[in-house]
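Under the working numbering, the residues of the sequence shown are numbered 567 to 785, in order. Every residue, glycine too, gets a C-beta built ideally from N, C-alpha and C. Computed from a prediction, not measured in an experiment: that's the story for all the values here.
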Amino acid sequence: MKKILIFLLIGISNITISQTITEIDSVSNVMCDFLKNLEIKNDTLKINSLYENQLYPYLGKFEQSKTQKIGQQVYYRLQRNCIEFRNLLDRLEPPKEDTRRISEKPKPDITKKQLRKFKNQEEFYYFEVNGDTTRVTMKKGKWTDSFSNKTTSNLTYNWVNKTEFELVFLESNNESRSNFSVKGDKFIYQVLSKEDGYYQMTVNIPGQETFEKFKMYYE
567 MKKILIFLLI
577 GISNITISQT
587 ITEIDSVSNV
597 MCDFLKNLEI
607 KNDTLKINSL
617 YENQLYPYLG
627 KFEQSKTQKI
637 GQQVYYRLQR
647 NCIEFRNLLD
657 RLEPPKEDTR
667 RISEKPKPDI
677 TKKQLRKFKN
687 QEEFYYFEVN
697 GDTTRVTMKK
707 GKWTDSFSNK
717 TTSNLTYNWV
727 NKTEFELVFL
737 ESNNESRSNF
747 SVKGDKFIYQ
757 VLSKEDGYYQ
767 MTVNIPGQET
777 FEKFKMYYE
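Written as structure tokens, this is what we have:
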């Protein structure tokens, strides 16, 4: 996930808060609706308007010592819940990795033999939007992300058909992942094709009509 820091939040201590994820998601949905209806062409002015009119007034309800954690949660859940916000961030800071956001689910073009190789492969890696390498261990229904800063995420996976599997988030000590997802959040991955050195994949958040197309590398 992209990590554009909100300047208001820098330097404030990170502590546990009592806000429920339901409330955080509700706030992110209000912010998303505001963004959809915002008639500003310049993206920098657009994100500034979003923060000034929505985020900062919401954070102003809390003690200053709590605003960093709350702000982080709103920021990352807004990315998860709001396609318009993800598109805005991509325009402001284009991903270094070759990823595409598409509105139609693509059809896989992969043989049974190639799928068996994918399912027997236990070690993969992919690139974050900032260029960092994240390594994946996929074994016996467990998926582990190992990030460049030595943090990890733990998920489970279950094949739902020949080319698709469902990932279920469990826990993470990585800042972006732990704020982007909560326990039980689901993602649908599809294996599209096997290329030289990587598999072409898509990931979709259930209920959303966009698909992120990316590369899962193997050695």
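#1: Please state the DSSP three-state secondary structure of residue 628.
#2: I'd like to know whether the C-beta of residue 716 is nearer than 8 Å to at least one C-beta of chain D.
#3: Less than 8 Å separating the beta-carbons of residue 648 and residue 601?
#4: Give me the Cα-Cα distance between residue 742 and residue 643, rounded to the nearest whole angstrom.
#5: In terms of residue numbering, what span does the alpha helix (DSSP H) encompassing residue 609 cover?
#6: Would you check if the distance between the CB atom of residue 779 and the CB atom of residue 676 is smaller than 8 Å?
#7: Which residues bound the alpha helix (DSSP H) around residue 747?
#8: Does the distance from the CB of residue 720 to the CB of residue 638 come in under 8 Å?
#9: When burial is assigned at 16 or more other CB atoms within 10 Å of the CB, is residue 715 buried or exposed?
#10: For the beta strand (DSSP E) that contains residue 718, what are its first and last residues?
#11: With C-beta atoms as the reference, is residue 697 less than 8 Å away from residue 724?
#12: Taking the alpha carbon of residue 784 as the reference point, which residue from 733, 688, 754 has its own alpha carbon closest?
#13: Just mark residue 702 as buried or exposed, buried being the case when its beta carbon has 16 or more other beta carbons within 10 Å.
#14: Nearest to residue 735 by CA position, among 727, 711, 726, 717, is which residue?
#15: Rounded to whole angstroms, what is the Cα-Cα separation between residue 651 and residue 621?
#16: Select from 588, 737, 681, 699 the residue whose C-alpha is nearest the C-alpha of residue 767.
#17: Residue 595 by DSSP, collapsed to three states: which one?
#18: Pick helix, strand or coil for residue 622, following the three-state DSSP scheme.
Taking the definition as stated:
#1: coil
#2: In the structure shown, chain D cannot be found, because there is only a single protein chain.
#3: yes
#4: Rounded to the nearest whole angstrom, the CA to CA distance from residue 742 to residue 643 is 10 Å.
#5: 609-616
#6: no
#7: It is not in any alpha helix (DSSP H) - residue 747 carries neither H nor E in the DSSP assignment.
#8: no
#9: exposed
#10: 718-725
#11: no
#12: When 733, 688, 754 are compared, the shortest CA-CA separation from residue 784 is found for 688.
#13: Around the beta carbon of residue 702, 16 or more other beta carbons sit within 10 angstroms, so the residue counts as buried.
#14: 711
#15: 13 Å
#16: 681
#17: Of the three classes helix, strand and coil, the one that applies to residue 595 here is helix, per DSSP.
#18: helix
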